[in-house]
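Notes to accompany the following structure.
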Amino acid sequence: QLEINFIQKGSRKNAHPDKGDYVKYLLRLNYVEVPVMYRFRIKNFLKIEAGVMFAYLINTKEFDIQGQVTPDPTVAGFKKYDLSAFAGINYKINDSFSLSLRYSYSVLAIRPKPNSVTYRYDSGQFNEVVCTSLQYNFN
Numbered sequence: 002q003l004e005i006n007f008i009q010k011g012s013r014k015n016a017h018p019d020k021g022d023y024v025k026y027l028l029r030l031n032y033v034e035v036p037v038m039y040r041f042r043i044k045n046f047l048k049i050e051a052g053v054m055f056a057y058l059i060n061t062k063e064f065d066i067q068g069q070v071t072p073d074p075t076v077a078g079f080k081k082y083d084l085s086a087f088a089g090i091n092y093k094i095n096d097s098f099s100l101s102l103r104y105s106y107s108v109l110a111i112r113p114k115p116n117s118v119t120y121r122y123d124s125g126q127f128n129e130v131v132c133t134s135l136q137y138n139f140n
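Counting from 1, position 24 in the sequence shown corresponds to residue 25 in my numbering; the numbering is continuous, with no gaps.
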């Protein structure tokens with residue numbers, strides 16, 4: 002089955018001023034993603050799936066408490082390509098629709114970890130995603 006997905010990955014850390022925590026951060030990574038998978042049918046309506054996903058980074062946005070973060074030219078940016086391994090389940094609702102739940106993790110770092118003093122033990126930043134989707138199947 003061929004899939005082409007638009008997916009937004011990222012992270013968020015909200016500030017908690019009442020607890021003395023003023024750090025606020027938001028990261029958005031927009032990808033076009035193509036999974037290559039194997040599906041194992043358990044029942045007519047239930048499948049287990051696993052494989053790899055190739056993704057191309059369309060754009061990124063980072064925000065902190067002062068607004069949008071300007072990329073630092075001395076720090077390596079996000080890599081344009083991502084390769085992830087994934088596993089999940091797929092539930093067929095009817096002939097046209099199905100629900101999917103997937104877990105994926107980057108095989109390669111998406112960018113080096115900034116300001117890392119323990120480079121030997123820190124291989125960078127990775128995407129880790131739990132994704133639910135409603136799929137429409139063209140028959």
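We treat Cβ as the ideally placed atom computed from N, Cα and C, and that holds for glycine.
Is it buried or exposed, residue i, if we count other Cβ atoms within 10 angstroms and call 16 or more buried?
i: Ser107; result: buried
i: Phe87; result: buried
i: Pro18; result: exposed
i: Asp83; result: buried
i: Ser12; result: exposed
i: Pro72; result: exposed
i: Lys62; result: exposed
i: Leu3; result: exposed
Alpha carbons only, please: which of the options is nearest the one belonging to residue i?
i: Tyr32; options: Asn60, Lys20 and Phe46; result: Asn60
i: Tyr57; options: Tyr26, Ile5, Phe46 and Val24; result: Ile5
i: Asp65; options: Leu100, Asn15 and Leu30; result: Asn15
i: Ala110; options: Gln69, Ile90, Ser101 and Lys81; result: Lys81
i: Phe55; options: Gln136, Asp96 and Ile8; result: Ile8
i: Ser97; options: Asn138, Val130 and Gly52; result: Asn138
i: Ser124; options: Val131, Gly21 and Lys114; result: Lys114
i: Ile94; options: Phe46, Lys20 and Leu30; result: Phe46
i: Lys44; options: Arg112, Tyr104, Asn91 and Asn128; result: Asn91
Any heavy atom of the ligand SAM closer than 8 angstroms to the Cβ of residue i?
i: Lys93; result: What this structure holds is no ligand at all, so the ligand SAM is not there to describe.
DSSP beta-bridge partners for residue i?
i: Ile90; result: Ile49 and Leu102
i: His62; result: According to the sequence shown, residue 62 is Lys rather than His. According to DSSP, Lys62 bridges with Arg29.
i: Lys10; result: Leu30
i: Tyr82; result: Tyr57
i: Ser107; result: Ser85
i: Gln126; result: Arg112
i: Asp22; result: His17
So residue i is in the beta strand (DSSP E); what residue range does that whole segment cover?
i: Thr71; result: Here Thr71 belongs to no beta strand (DSSP E), and DSSP marks it neither H nor E.
i: Pro41; result: The amino acid occupying residue 41 in the given sequence is Phe; Pro does not appear at that position. First-last of the beta strand (DSSP E) with Phe41: Tyr26 to Lys44.
i: Leu135; result: Glu129 to Tyr137
Can you round the beta-carbon distance between residue i and residue j to whole angstroms, since I take them to be within the 8 angstroms contact cut?
i: Leu100; j: Gly89; result: At roughly 10 angstroms, the Cβ-Cβ gap does not stay under 8 angstroms, so Leu100 and Gly89 are not in contact.
Against chain D, with Cβ distances strictly below 9 angstroms, would residue i count as a contact?
i: Met54; result: No chain D appears in the structure shown, which is made up of a single protein chain.
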